[in-house]
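What follows is a single structure, written as structure tokens, with notes after it.
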Amino acid sequence: YEAMLALNFETALALNRHERGTGAPGLARLLAPLTKLACARQSIWAASELVESFGGAGYVEDTGIPRVLRNLHVHCIWEGTTSVLAHDVLRALRAPEAGEAFLADIDGRLSTLADHGTRAPDAIVHARRTLAELMPRAQESDGRRLAWGMARTYQSVLLLEAAAWRQARKADGSGWTALRLFLQDALVSPVLP
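The opening residue of the sequence shown carries number -9 in this note's numbering; numbering runs sequentially from there.
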């Protein structure tokens, strides 16, 4: 939930900067399909967990919870299927400045965190390196892996920022828990043989 929320707010901010002419060229163009792709799919998983957390009551129509789960599936259709959005990301990456802006934004955030004593987890550093190698040469067959990897890596950086901020400002360590849980799955899926 925190990863989805952070990505949505950051994308809204990037779109606002783009509309005012103050944002990095291409960043908003990439974040829009990445946000749709990630949040539509991740919300289905989150709602499924919600149904399970209510036990049998989560399955009963009277609670309204099953309707929430069914309605979330619509986002994966209306916002574009995962493959359509991945193709849109590939199209956006044809303009080299889009990929450069994306990586520069990640680098800037990690550098600012490092300046304040927060070191990026190895998983984020490795994912950023993998994306930098994959983005310029990505083929159609790489689309889903690349788009998911970009979305998840960006979300992990946003979670890292939030965790560091919450710890420093509120002495709240729950952001670190959210980041650790998010990093349990690979940020960029490995290439299958």
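The beta carbon of each residue, even a glycine, is placed where N, CA and C say it ideally should be.
With burial defined as no fewer than 16 other Cβ atoms inside 10 Å of the residue's Cβ, what is the status of Arg19: buried or exposed?
-> buried
Please report how far the alpha carbon of Ser101 lies from the alpha carbon of Ala110, in whole angstroms.
-> 9 angstroms
Limits of the alpha helix (DSSP H) - the one that Gln157 falls within | Gly133 to Lys160
Considering only C-alpha positions, which residue in the set Leu80, His77 and Met140 is nearest to Ala94?
-> Met140
Which value, in whole angstroms, describes the spacing of the CA atoms of Leu136 and Glu39?
-> 26 angstroms
In angstroms with no decimal places, state the Cα-to-Cα distance between Arg127 and Ala(-7).
-> 28 angstroms
Straight-line gap, Pro15 to Ala158 (C-alpha atoms, nearest Å) | 32 angstroms
Which stretch, first to last residue, makes up the alpha helix (DSSP H) that contains Gln32?
-> Leu17 to Ser43
If we ignore side chains and look at the alpha-carbon of each, how far apart do Thr53 and Leu124 end up?
-> 45 angstroms
Which listed residue (Ser164, Thr167 and Glu151) has its alpha carbon closest to that of Leu(-3) = Glu151
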